[in-house]
Amino acid sequence: MKEQYLFPESADSAGAYAPDFRMEEWSERDRRYLEPFVTNPDELITILRNLPPELIGALCSRASRAKASLLRVLLQEYVYPIAEGEDRALAEELEQTIDLLRERGFKNILNNQRAQQFFTRWLSQYGDDSIAQMTGTHMVCWGISQVAMKFIEDQRIGLEPIEKSTRYVNFSAKTNGRYLYYIPQPDLERLGFLEDYRATLDYYFDIYSALVPKLTAWLGQHYAESPSVLEKKAFDSLRGLLPMATLGQVAFRGNAQAFEYLLARSLRHPLGELRWIAQTMRRELDKEIPSLLLRLDGAQSGAYQQYLVGKKRRVEEVVIQAESDTLAKTLQLPEPVSMPEVSCIEHDPDLEIKLAAAILFSGSHCSWKTLEKEVGRLGRGDLEGIIRAYARDRTARWQKIGRAFENSYLRFEIVMNIGAYRDLHRHRMLTQERQRFSVHHGYDMPAIVREAGLAEQFSSAMERAQKLFFQIEPHDPELAQYVVPLAYRMRFYQYENVRAFFWETELRTSPQGHPDYRFIEQEKFRIFTDIFPLFKELLFVDTGDYRVARRGEEERGERRAERIMEGLRKHNEKNT
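With the working numbering, the residue at position 417 of the sequence shown is 1266, and numbering never jumps.
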């Protein structure tokens, strides 16, 4: 096999991969207000602390739409409105709180050394991961690539991310004269591609920046929507021009065990960016939960890290030495596609029998084997009747179908563009595995881009991407992922139970969704119900076609906010 990987023995060299720009420029006043609430206002990765849970939740939820960093949002929307507000008594309380936290620190006030000693003793003596699951923290990462973000978010359990949307935020702005994309400079210099990389990615962003106002104007001539909706439709349609190197913002809530595993996965990863992220995360996490990460320093953790990073290499060595003279070649040869594809490559022929047995199991006292056998003897009408009765009176998709539907599985293989995949990647109650981001499967161009007469410029960026990708890939296929625009397709599979299938297809076919992933989920629905027609009447799947997604979403959002505020007002009145 041609692929070659560099497996660093440690993260000691990771500092060379840090992005070469600052997140924000803070005034002294900004710093005074930020320092009690974040571990490091000058670092691209920082930990939130000393803030009420509701405020942290509200702040982190802004990660998807905020143009500025979340730290700037914290100042502008939460701190300064109090400090500069008309309620001077409240402003004085804030000042006193800031002074107390700056002078003494929350940890010193409550003296958490005893808790640290407890965690350290139990983790060292018993290695009880359940202890590490009971506490955690919130982390904000500003300025990490889409490649790194997807790697981190691959971790399904213990981490809850909210990332910056490419659909609703304009990425044409520059910081210090530069577009926001990641440059793995040491590797590009070593391979001699640094200048080509910069020129090519600048070209993507130049095209994106030029087409956003043109497409927005065209949409305004053809659709009677608000300027805000039309602008976001332009961002949405042109996000395929953004490369996987595009820097974004993501907020995580994670428990200590999940952070420990993330660091173990990343500290020796072949991508220098991930090693830098892991090193920086560790430094900031040590300021909040140091006792919970001590195991990372031991020899056992070092061996574990080597095991994790070496899996791919070890398998490749076996493949090279295999007796088969076709396996290695097959793994190297891509199977190109000309359009998005969905196929159900595995399903359980006894799916309905297993679901019906599971429905009846909790009300019985017999074994599963006996129950499944009895259900298998039922006529078609009785079998369907059990399943229908179980789902009856379910009136909306947010009313989750029951756990019995977790007892049979489906495997779908999907080829779709990377931009839309980012939305499906968020689903966790299933097994997903993808191939590397590449240009091997062609790209999608939104119909609106063609209709607006912008296809030639869009295609020119895709052609530049293909040329640079094929230059880098033979040397370092991991590194080549950074240059791939989001319009290019990628292949992955989903192995999910029927309950997870219900949740995903119903959610991702709603009218507010992106047309690209709505098509994928509609195809999954069509294929599944062709095999098992009964479920067509049980699923709340929208098969309509909507040219402008999120129609009316702003108005619905305002109504939801009004209902929540009214409910909160009544709650506060009741409890005061």
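Even for Gly, the Cβ is constructed at its ideal location relative to N, Cα and C.
Everything numeric in this text was worked out from a predicted model, so none of it was measured.
Check, Outcome
"Between which two residues does the beta strand (DSSP E) holding Phe1377 run?", "Counting along the chain, Phe1377 falls outside any beta strand (DSSP E), though it belongs to the alpha helix (DSSP H) covering 1364-1380."
"Please look up how many angstroms separate the CB atoms of Lys1203 and Ser1257, rounded, as I've assumed it's under 8 Å.", "5 Å"
"If you reduce the DSSP assignment to three classes, tell me which class Asn1104 lands in.", "strand"
"By DSSP, does Ala865 sit in helix, in strand, or in coil?", "helix"
"Which whole-angstrom value describes the C-beta separation of Pro1379 and Thr1358, a residue pair presumed to lie in contact below a C-beta threshold of 8 Å?", "Pro is not the amino acid found at residue 1379; the sequence shown has Asp there. Not confirmed; about 16 Å, so no contact."
"Can you list the beta strand (DSSP E) stretches of 3 or more residues lying completely in the region 893-956, in chain order?", "894-897"
"Tyr1052 to Leu924, Cα distance in whole Å?", "34 Å"
"So Leu1029 and Thr1095 are in contact, right, with Cβ under 8 Å, and what is the actual spacing, rounded?", "7 Å"
"Exposed or buried, Thr1244, counting other C-beta atoms within 10 Å across all chains shown (16 or more means buried)?", "exposed"
"Name the residue from Gly1268, Glu1195, Phe1254, Ala1238 whose alpha carbon lies nearest to the alpha carbon of Arg1260.", "Glu1195"
"Where Asp1293 and Ile1236 are concerned, what is the direct C-alpha to C-alpha distance, given to the nearest angstrom?", "39 Å"
"Count the other C-beta atoms from every protein chain shown that fall within 10 angstroms of the C-beta of His1214, then say buried if there are 16 or more, exposed otherwise.", "exposed"
"I want to know whether the region 1165-1177 touches the region 1335-1350 - three or more CB-CB distances under 8 Å.", "no"
"Mapping DSSP to helix, strand and coil, what is Lys1136?", "coil"
"With a CB to CB cut of under 8 Å and the five nearest residues on each side skipped, what residues in its chain are close to Glu1327?", "Tyr854, Pro1119, Leu1120, Arg1285"
"Skipping 5 residues on each side, what residues in its chain have a beta carbon closer than 7 Å to that of Ala863?", "Gly1121, Arg1124, Trp1125, Gln1128"
"Determine the DSSP secondary structure at Arg871, reduced to helix, strand or coil.", "coil"
"My understanding is that Glu873 touches Arg921, with C-beta atoms under 8 Å, so please give their C-beta distance in whole angstroms.", "6 Å"
"Answer with buried or exposed for Glu1080, where buried requires no fewer than 16 other C-beta atoms within 10 angstroms of its C-beta.", "buried"
"By Cβ distance below 6 Å, which residues in the same chain neighbour Pro868 in space, the five residues on each side in sequence not counted?", "Gly992"
"Do His1363 and Glu1002 have their C-beta atoms within less than 9 Å of each other?", "no"
"Check for me: the alpha helix (DSSP H) holding Ser1058 runs from which residue to which?", "1043-1071"
"Between Asp1293 and chain B, is any beta-carbon pair separated by less than 9 Å?", "The chain inventory of the structure shown lacks chain B, comprising one protein chain alone."
"Leaving out the 5 sequence neighbours to the left and right, which residues in its chain are closer than 6 Å to His1276 when beta-carbon positions are compared?", "Glu1353"
"For the beta strand (DSSP E) containing Tyr1292, name the first residue and the last one.", "Unbroken run through Tyr1292: none, as it is neither H nor E."
"In chain order, what residues of the same chain have a beta carbon less than 8 Å from the beta carbon of Trp1452, not counting five sequence neighbours either side?", "The structure shown has nothing for residue 1452, since the chain only spans 850 to 1425."
"Are the beta-carbon atoms belonging to Phe1108 and Met988 less than 9 Å from one another?", "yes"
"For Phe886, tell me which candidate among Ala1336, Tyr1031, Leu919, Ala1177 has the shortest Cα-Cα distance.", "Leu919"
"Name the two residues that bound the continuous alpha helix (DSSP H) containing Ser1192.", "From DSSP, Ser1192 is part of no alpha helix (DSSP H) but of the beta strand (DSSP E) over 1190-1196."
"Within 10 angstroms of the Cβ of Tyr1270, are there 16 or more other Cβ atoms? Answer buried if so, exposed if not.", "buried"
"For Trp1125, which of helix, strand or coil comes out of DSSP?", "helix"
"Taking the beta strand (DSSP E) that Phe1341 falls in, what are its first and last residues?", "1338-1346"
"Taking one C-beta from the region 1009-1029 and one from the region 1037-1044 each time, how about it: are there three or more such pairs within less than 8 Å?", "no"
"How close, in whole Å, do the beta carbons of Leu1141 and Thr984 come, if the pair is a contact with beta carbons under 8 Å?", "7 Å"
"If you check the beta carbons only, do Arg898 and Glu1255 fall under 9 Å apart?", "no"
"Hey, how far is the Cα of Arg1283 from the Cα of Glu1012?", "19 Å"
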